[in-house]
Amino acid sequence: MIHHSYRGEFAIRDKQWKLVMGSAKKRKQELYDLSNDPGETHNLLETQSERAVALQQKLTRIIRSGRSTQGNPVPNDTPYWDDLFWMTEAEYQQPDMAVKSIEKKTKIHRLASTRRSVFDAFSYINRLPDTPYDEESSEEFSGRIFGRLANQEGRILLKSPPGMSNLAYEGFKTFIQYEGDTSVGNCAACHTLPDFTDGKSHSVQPGMAKVPTTSLRNLNKSSQALREIINQKINYANIKQKGDTPKISDLYSTIRLDQNDVTALVTFIKLLQDVPEQTFRQLILDSEVFDPSGTPE
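To convert a position in the sequence shown, counted from 1, into the numbering used here, add 1234.
Take a look at the structure:
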């Protein structure tokens, strides 16, 4: 049995044992043996810590399965449960308060940062690596992201906020893909996450000096303009691969894109626009499991 009380406490009972977690004022854990203590006056947490851990794990599984309060299916509180382990009743009823609480209590980078795009909601929900390790190459970082995506896809656990369509998802994978014969954008080599720029300068056009990498966040470009820019890069990549322009960055040598890839990339890049705070919170709450093997929309 699981219960979410008016005081904002989660409680789970297994036979005579009852574990209580959380409160409106502070985090707490309490364990009671109701067969000997029906009034719940003696907290046995310290002497029965293993039993408490087992009940907490069971409660966690229930929360993640979407049965978090009063028997109603609420699958979208899983990110909050994962990070807080529990939330107050007021926070549960008011997503604004819940997100602010997460930022304050856990200092989670993705929520404490100012990044508020559809992609950031997608990254947070699916717990994607968002920052390279020190000395980690762009290829290694992309490989880490692909590993996480494969894990989620394989267990049908990948979640999508509104706006992250199958097409945009394919665009993201093309964006970070760095090897292969098809759908290789190698974009993240320069437009490195999380800011989508490496802060360096590169030779990106024949006969021109190196220029700083432009961040793709909040880029004031139309879809048509983005398509033209990507097509230009494809043209330069083809020239580079023929050996005609050695001064263009070697990173262009691995690019392998067709027009379907361009459409997907444009769709993804458009998701890097920040949205209002309330909209961002709602994106997290409205996320749903999706099948990336479906036809791109």
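The beta-carbon is built from N, C-alpha and C at its ideal position, and this holds for glycine as well.
* **Simplified DSSP state of V1254, which is helix, strand or coil** => Residue state, collapsed to three classes: strand.
Note to self: Given this structure, state the Cα-to-Cα distance separating L1506 from L1289, to the nearest angstrom.
What the structure shows: The straight-line gap separating the alpha-carbon atoms of L1506 and L1289 is approximately 41 angstroms.
Identify, in the order they occur along the chain, each residue of the same chain with its Cβ nearer than 6 angstroms to the Cβ of L1265, setting aside the five sequence neighbours on each side. Here L1265 has L1253, L1278, L1279, Q1282 and A1286 as same chain residues with Cβ atoms under 6 angstroms from its own Cβ, once five neighbours each way along the sequence are excluded.
| said: If I measure Cβ to Cβ from H1425 and keep anything under 7 angstroms in the same chain, skipping five residues before and after, which residues do I get? | reply: Exclusion of the five residues before and after H1425 leaves T1431, T1447 and L1450 as the residues of its chain whose Cβ lies within less than 7 angstroms of its Cβ.
Q. Should V1523 and I1390 be called a contact, given that it needs their Cβ atoms to be closer than 8 angstroms?
A. With a cutoff of 8 angstroms on beta-carbon distance, V1523 and I1390 are scored as near each other.
Worksheet item: Is any heavy atom in the ligand FAD found nearer than 7 angstroms to the beta carbon of F1430?
Response: The ligand content of the structure shown is nil, which means the ligand FAD is not present either.
Point to revise | G1405 vs L1499 beta-carbon contact at 8 angstroms | key: Contact: yes.
ask   = Buried or exposed: where does S1521 fall if 16 or more other Cβ atoms within 10 Å of its Cβ makes it buried?
value = Burial call: buried.
- prompt: Out of D1271, K1467 and A1459, which has the shortest C-alpha to C-alpha gap to D1492?
  reply: Checking every option, the nearest Cα to that of D1492 belongs to K1467.
Note to self: Using only the alpha-carbon positions, how far apart do R1490 and K1476 sit?
What the structure shows: Roughly 13 angstroms separates the two Cα atoms.
* Own chain partners of I1482 with C-beta closer than 8 angstroms, once the 5 adjacent residues on each side are dropped -> The residues are S1437, V1438, Q1439, P1440, Y1470, I1473 and K1474.
| task | Express the C-alpha separation of A1402 and P1526 in angstroms, rounding to a whole number. | result | For P1526 and A1402, the distance between alpha carbons rounds to 10 angstroms.
Q) Taking all protein chains shown into account, do 16 or more other C-beta atoms lie within 10 angstroms of the C-beta of I1246, making it buried, or fewer, making it exposed? A) Buried is the label assigned to I1246, since at least 16 other Cβ atoms lie within 10 Å of its Cβ.
query = Among all the DSSP beta bridges, which residues are the ones paired with P1446?
reply = Per DSSP, the beta bridge partners of P1446 are S1435.
**Study point:** Outcome for Y1486 when other beta-carbon atoms lying within 10 angstroms are tallied against a minimum of 16
**Key:** Its Cβ being crowded by 16 or more others within 10 Å, Y1486 is buried.
Please state whether the Cβ-Cβ distance between S1351 and A1422 is less than 8 angstroms. One thing to note: S1351 has its Cβ no nearer than 8 angstroms to the Cβ of A1422.
Runs of alpha helix (DSSP H) wholly within the region 1355-1427 (minimum 4 residues, chain order):
Complete alpha helix (DSSP H) runs here, min 4: 1372-1388 and 1400-1410.
Q) Is the CB-CB distance between T1497 and V1418 below 8 angstroms? A) The answer is no: Cβ separation not under 8 angstroms.
In the structure shown, what three-state DSSP assignment does Q1263 receive?
It is a strand residue.
Using a threshold of 8 angstroms, state whether the C-beta atoms of P1363 and R1349 are closer than that.
No. Outside cutoff.
In or out: L1293 buried (at least 16 other Cβ within 10 Å) or exposed? Classification of L1293: buried, given that the 10 Å Cβ count is 16 or more.
**OP:** Kindly list the residues whose CB is nearer than 8 angstroms to the CB of I1464, restricted to its own chain and excluding five residues on each side of it in sequence; keep chain order.
**Re:** These residues qualify, in order along the chain: L1491, V1496, L1499 and V1500.
Practice problem: Buried or exposed for A1324, please, with buried defined as at least 16 other CB atoms from any protein chain shown within 10 angstroms of its CB. | Solution: Residue confidence is low: A1324 scores 47 on pLDDT, short of 50, so the model does not pin down where it sits. No coordinate-derived value is stated.
| request: State the DSSP-derived secondary structure class of E1522, mapped to helix, strand or coil. | output: Three-state DSSP puts E1522 in a strand.
Whether I1359 touches P1395 by CB criterion (8 angstroms): Against a cut-off of 8 angstroms, the Cβ pair of P1395 and I1359 comes out as a contact.
- request: Reducing DSSP to helix, strand and coil, say where E1323 ends up.
  value: Here E1323 scores only 43 on pLDDT, less than 50, and its place in the model should not be relied on; the value that follows carries that caveat. If DSSP states are grouped into helix, strand and coil, E1323 belongs with the helices.
Consult DSSP for I1473 and reduce its assignment to one of helix, strand or coil. Helix.
Among the residues of its own chain, which have a CB less than 6 angstroms from the CB of E1274, if the five just before and after it don't count?
Excluding positions up to five away in sequence, the list reads Y1266.
Taking DSSP as the reference, what is the three-state secondary structure of R1349?
Under the three-state reduction of DSSP, R1349 is assigned to coil, being neither helix nor strand.
message = Please classify N1270 as buried or exposed, where buried requires at least 16 neighbouring CB atoms within 10 angstroms.
response = N1270 counts as exposed, since fewer than 16 other C-beta atoms from the protein chains shown sit within 10 angstroms of its C-beta.
Exercise. Report buried or exposed for A1443, applying the criterion of at least 16 other Cβ atoms within 10 angstroms of its Cβ.
Key: Classification of A1443: exposed, given that the 10 Å Cβ count is below 16.
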